[in-house]
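Some notes on the structure that comes next.
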Amino acid sequence: MHAELWNYERAFESADHVITHPNPSAVSLSVRASALVFSDPRSQNLLNLIEKIAASNATALVIGETGTGKELIARHIHALSTRRDGPFQAINCGAFSETLVESELFGYERGAFTGATSAKTGWFESANGGTLFLDEIGDLPQSTQVKLLRVLQEREVVRLGSRKATPIDVRLIAATNVDLEEAVRAGRFREDLYYRIKVVPVDLPPLRERPGDILPLVEHFLNVYKSRLHTNIPKLAPETIQQLLEYPWPGNIRELENVIHRALLISTSGVLYPRDLGLPAITTLTERSEPRPSLTSLAGSKPSYQTQAEVANSSTTTLETYQLERILGQLFESPPPNLFELVNSVLVKKAYEYSNKNQVHTAKLLGISRNILRARLKELKLIA
Ligand SMILES: Nc1ncnc2c1ncn2[C@@H]1O[C@H](COP(=O)(O)OP(=O)(O)O)[C@@H](O)[C@H]1O
Ligand SMILES: [Mg+2]
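Set out below in structure tokens:
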């Protein structure tokens, strides 16, 4: 499963000290995120697209509901680009008043307006050599839209109260959670700016449309919060897994993160039950058009027998069981010859290696007797 949990730490090493945001605590996890989850086929396609466009300097428009990971994608594009050693500046266009947003974006000279007692560098200038992320670009006032278009066309900015233009080398990534086309039709967003920024549109589907990401994300956040809260990772009751998969996640990944965080805080039993998630009852949620995937369909085919471990532990299904079932499901799709023998021998060999060839430890790890293990090791010619 490690291929899916893709290491992100190194990409952030250099960017960490330059990351700025109007509300740093809101992005603290994305800054520190050590892994990204792209497990669902739709997310993998997205990742491929991002890897292709990252190297270019093209302006990208990331479109997605709140909490789908727009900022994280923007940081990822930056981290994969040749600008990775330059700054990444994130600014939320909706967080500033109309008058403030221009001085924030373009900067100003001393005396440009009452109260401008000293000059200020704007975001475009401080993102020079790097990437500027403009979140909620649909919130930009019309007058600022005109100026932004000019900056993008001329590749230079003029601070408020100045006549001197400063050349800038900035890649722009914009994000929106509203339908900008609709905003253009309604006359709230300039059409020319819209076409200028949507050179590369990146559509981030809501979480409910990429169900294959849900459980890997659960595992990811369990790990993240386990380290932070110094707790153990609880097991998940089967009904909990079912609920996580069925819930439509209107707040997307951010909501899932909060649910896991809270569940870890309140659970005491070592097992997460549906009540620990505190999700609203499914029946009260908006109508769903498609049937939700079940654990069984996601995991490929469900074995018709119970394993010994399941018998011994039948009240809970761990994420590991789920992941194992998913890998098996993939193997069943294009089965290698002698599948049973293959899985069995890989299991025994790997356990034996993992236990440093200690037979007692291997037997214990696998939950079988030492005699059965020895017989199997002989068959596999691992011992004489
Ligand atoms: N693919 C992913 N893998 C792991 N965590 C993710 C992923 N996408 C988003 N997140 C996390 O979800 C939260 C919301 O992401 P964010 O980029 O702020 O969403 P948006 O900007 O669309 O509202 C952040 O904590 C982020 O780290
Ligand atoms: Mg955001």
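Under the working numbering, read the sequence shown as residues 278 to 661, first letter to last.
All C-beta atoms in this analysis are idealised placements derived from N, C-alpha and C, irrespective of residue type, glycine included.
Just checking, does the region 532-539 make contact with the region 548-559 on the three C-beta pairs under 8 Å criterion?
Yes: the two stretches touch, three or more of their Cβ pairs being nearer than 8 Å.
Taking its Cβ as the centre, do 16 or more other Cβ atoms sit within 10 Å of Pro613, making it buried, or is it exposed?
Pro613 is exposed by the Cβ-count criterion.
As an exercise, report each continuous alpha helix (DSSP H) stretch of at least 4 residues that is fully enclosed by the region 453-501, in chain order.
Qualifying alpha helix (DSSP H) stretches, in chain order: 457-462, 468-474.
With distances taken between CB atoms, is the gap from Ala470 to Leu437 smaller than 8 Å?
The sequence given here places Leu at residue 470; Ala does not occur at that position. In this structure, Leu437 does not lie closer than 8 Å to Leu470 by Cβ.
Taking 7 Å as the cut-off, does the CB of Ile530 come closer than this to any heavy atom belonging to ligand 1?
Flag set: Cβ of Ile530 near ligand 1.
Note down, one range per segment and in chain order, each alpha helix (DSSP H) of at least 4 residues found wholly within the region 520-557.
With a minimum length of 4 residues, the continuous alpha helix (DSSP H) runs that stay inside the region 520-557 are 529-543, 551-554.
Using DSSP's beta-bridge definition, name the partner residues of Lys397.
In DSSP, Lys397 forms a bridge with Tyr385.
Could you give the C-beta distance for Leu659 and Leu650, rounded to a whole number, given that I count them as a contact under 8 Å?
Not quite, the Cβ-Cβ distance comes to about 10 Å (not below 8 Å), so this is no contact.
Please report the distance separating the alpha-carbon of Glu431 from that of Ala337.
Rounded to the nearest angstrom, the two C-alpha atoms are 18 Å apart.
With 16 as the cutoff for other CB atoms within 10 Å, does Val314 come out buried or exposed?
The residue in question, Val314, is buried, as its Cβ has 16 or more Cβ neighbours within 10 Å.
Please confirm whether Gly384 and Gly406 have their CB atoms less than 8 Å apart.
Not a contact, by the Cβ cut-off of 8 Å.
My assumption, with CB atoms under 8 Å, is that Arg485 sits in contact with Ser320. Please give the rounded CB distance.
About 13 Å; that fails the 8 Å criterion.
Thinking C-beta only, is Ser316 closer than 8 Å to Pro525?
It is not a contact, given that the beta carbons lie outside the stated cut-off.
Label Leu522 either buried or exposed according to how many other C-beta atoms from any shown protein chain fall within 10 Å of its C-beta, with 16 as the threshold for buried.
The residue in question, Leu522, is buried, as its Cβ has 16 or more Cβ neighbours within 10 Å.
Does the region 471-479 come within contact of the region 366-375, defined as at least 3 CB pairs closer than 8 Å?
The region 471-479 vs the region 366-375: no contact.
Asn369 bridges to which residues according to DSSP?
Bridge partners of Asn369: Asp412.
I need the DSSP call for Pro614, collapsed to helix, strand or coil.
Coil, per DSSP.
DSSP three-state call for Val257: helix, strand or coil?
Outside the shown range of the chain, which is 278 to 661, sits residue 257, and nothing can be said about it.
Going by the CB atoms, is the gap between Phe401 and Val455 shorter than 8 Å?
Result no, Cβ atoms of Val455 and Phe401 do not sit closer than 8 Å.
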